[in-house]
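Using our numbering, the first residue of the first sequence is number 709, and each one after it goes up by one.
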Amino acid sequence: MPELPEVEVTRRGLLPHVVGRRIVQVTVRHRGLRWPVEPELEARLTGRVIGRIERRGKYLLLECLPAANADHATADDSAPGWLLVHLGMTGTLRVHVDAPPAGSHDHLDIELAPADGPGDGANMVLRFRDPRRFGAIIWTPLAEAALSEHPLLRRLGLEPFDPRFDGAWFHRLTRGRSMAIKQALLAGEIVVGVGNIYCSESLFRAGIRPTTPAGKISLARYDKLAVAVRETLTEAIARGGTTLRDFVGSDGSSGYFQLDCLVYDRAGEPCRVCGTSIRQIVQGQRSTFYCPHCQH
DNA sequence: ATTCTGACCTGATTGC
DNA sequence: TGCAATCAGGTCAGAA
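Right, here's the structure in full:
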């Protein structure tokens, strides 16, 4: 389920619990994620301290500072690195103080020592669960300045809250493109973080028919779309993310944005603005929902 | 270069 | 009740 708001909510939920803590043990139970979890991951992480937690698109980026007082085998061991985490379709990252026994989909545990060091306070566990295993856990020794050149991050579009993201940006990047705006928006090469739900929602807010070729949309309408994308994502983050099926925030609370969807998953139901029956179509093997009266 | 399709997985729901 | 078909929040790799 995770679109940008769910990932951002996870990031914020993790911050107070894991930043500054030392990794004392890493347990990988299933290495078959989107890409195989590298065999060296446990050794690379153990002893490091979690630094910042950032987000790029739907990727969570955990800065892992080098272990203190360690006898470094290689130069990489003594430099900061980053753990890239993608939640895929069904991934969650949660913090447990008293971690329950691992279930069959709990693929990775990162055990963290108390911030004040061993002795007082219990260890906690950062647990990655992902039934469908479309998620990814990837180590990179790249420094922060070079992170944007990582193969998985290099081609990502602008962050939706980047000031450079506006109607003109949209307009410029879609000239000559025949692809439907729904798919262009979903592809993440123009702006990141808009998944299948918020894509339909954003296009409804902007009054744009999802099937419209991206290259035929005017600057004025792209201005509206840029605003709609930002508003949709902002509101979803504020609500704590969506819980359509299995998303749970890192603190265990769940969001409820799905109650307020304007078009998503509302096929046949009346448009909340004009009452017209919401229509469902398939684009690129994914469902799209729109109001045939409000969107042109 | 751009666009489209298949692939990766499990689980919940639907329909016979 | 059982079982097969369908669908689900993502996105990469390769074909067309």
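The C-beta atom is built at its ideal place from N, Cα and C for all residues, glycine as well.
*Between the Cα of G727 and the Cα atoms of E819, R752, D784, P710, which residue gives the shortest distance?*
Here residue 727 refers to the residue found at position 19 when the first sequence is read from its first residue. Going by the sequence as given, residue 727 is Val instead of Gly. It is E819 whose Cα lies nearest to the Cα of V727.
*Helix, strand or coil at R737 [DSSP, three-state]*: Here residue 737 refers to the residue found at position 29 of the first sequence. It is coil, neither helix nor strand.
_For G843 and I916, I'd like the C-alpha separation in whole angstroms._
Sequence index remark: in the first sequence, residue 843 carries index 135 (1-based). Sequence index remark: in the first sequence, residue 916 carries index 208 (1-based). If I take the Cα positions, the gap works out to 31 Å.
*Among L850, L723, S995, S926, nearest to S908 - alpha-carbon criterion*: Position 200 of the first sequence holds residue 908. Of the candidates L850, L723, S995, S926, the one whose C-alpha sits nearest the C-alpha of S908 is S995.
_Whole-angstrom distance between G948 and S962, CA atom to CA atom_ = In the first sequence, the residue the question calls residue 962 occupies position 254. In the first sequence, the residue the question calls residue 948 occupies position 240. Legend: pLDDT at S962 = 49, less than 50; position of this residue unreliable, value from coordinates given subsequently. Roughly 7 Å separates the two Cα atoms.
*Inter-residue spacing [alpha-carbon to alpha-carbon] between P849 and W790*: Position 141 of the first sequence, counting from 1, holds the residue named residue 849. Position 82 of the first sequence, counting from 1, holds the residue named residue 790. In a straight line, the C-alpha of P849 is about 6 Å away from that of W790.
*So what's C772 in DSSP terms, helix, strand or just coil?*
Locating residue 772 in the first sequence gives position 64, counting from the first residue. Strand at C772.
_Let me make sure I understand the geometry here. Which of R863, H738, L911, A810 has the alpha-carbon closest to that of K932?_
In the first sequence, the residue the question calls residue 932 occupies position 224. Of R863, H738, L911, A810, the residue nearest in Cα terms is L911.
*Following the continuous alpha helix (DSSP H) through Q993, name the residue where it begins and the one where it ends.*
As a first step, residue 993 is located in the first sequence; it is residue number 285 there, counting from the start. It is not in any alpha helix (DSSP H) - Q993 carries neither H nor E in the DSSP assignment.
*asked:* Can you list, in chain order, the residues of its chain with a C-beta nearer than 8 Å to that of R885? Leave out the 5 residues immediately preceding and following it.
replied: Here the question's residue 885 lines up with position 177 in the first sequence. Result list for R885: A892, P921, A922, G923, in chain order.
*Are H815 and V734 closer than 8 Å when you measure CB to CB?*
Locating residue 815 in the first sequence gives position 107, counting from the first residue. Locating residue 734 in the first sequence gives position 26, counting from the first residue. Result no, Cβ atoms of H815 and V734 do not sit closer than 8 Å.
_Environment of V805 [buried if 16+ CB atoms lie within 10 Å]_ = As a first step, residue 805 must be located in the first sequence, where it is residue number 97. So V805 counts as exposed.
*Please confirm whether G903 and G865 have their CB atoms less than 8 Å apart.*
Residue mapping note: residue 903 aligns to position 195 of the first sequence, counting from 1. Residue mapping note: residue 865 aligns to position 157 of the first sequence, counting from 1. Contact flag unset, no.
*List the DSSP bridge partners of M832.*
Walking along the first sequence from the start, residue 832 turns up at place 124. Looking at the DSSP assignment, M832 forms a beta bridge with L820.
*C-alpha distance - L749 paired with R756, whole-angstrom precision*: Counting from one through the first sequence, the residue named residue 749 turns up at place 41. Counting from one through the first sequence, the residue named residue 756 turns up at place 48. In a straight line, the C-alpha of L749 is about 12 Å away from that of R756.
*asked:* Let me make sure I understand the geometry here. Which of D785, W847, L941 has the alpha-carbon closest to that of H794?
replied: Walking along the first sequence from the start, residue 794 turns up at place 86. Nearest option by C-alpha distance: W847.
_Outcome for D838 when other beta-carbon atoms lying within 10 angstroms are tallied against a minimum of 16_ = For the purposes of this step, residue 838 is identified with residue 130 of the first sequence, where counting begins at 1. The residue in question, D838, is buried, as its Cβ has 16 or more Cβ neighbours within 10 Å.
*Spatial neighbours of G976 within its chain, please: CB distance less than 7 Å, with the 5 preceding and 5 following residues excluded, ordered by chain position.*
By 1-based counting over the first sequence, the position of residue 976 is 268. Cβ within range, chain order: S985, I986.
*asked:* Between which two residues does the beta strand (DSSP E) holding P789 run?
replied: Translated into positions along the first sequence, residue 789 becomes position 81. The sequence as given places Gly at residue 789; Pro does not occur at that position. Unbroken beta strand (DSSP E) run through G789: 789-794.
*Quick one, which of P918, V715, A854 has its alpha-carbon nearest R763's?*
Stepping through the first sequence from its first residue, residue 763 is reached at position 55. For R763, the nearest C-alpha among the options comes from V715.
*For V833, which residues of its own chain have a beta-carbon under 6 Å away from its beta-carbon, when the five flanking residues on both sides are left out?*
Counting from one through the first sequence, the residue named residue 833 turns up at place 125. Contacts found: H804, A807, D817, E819.
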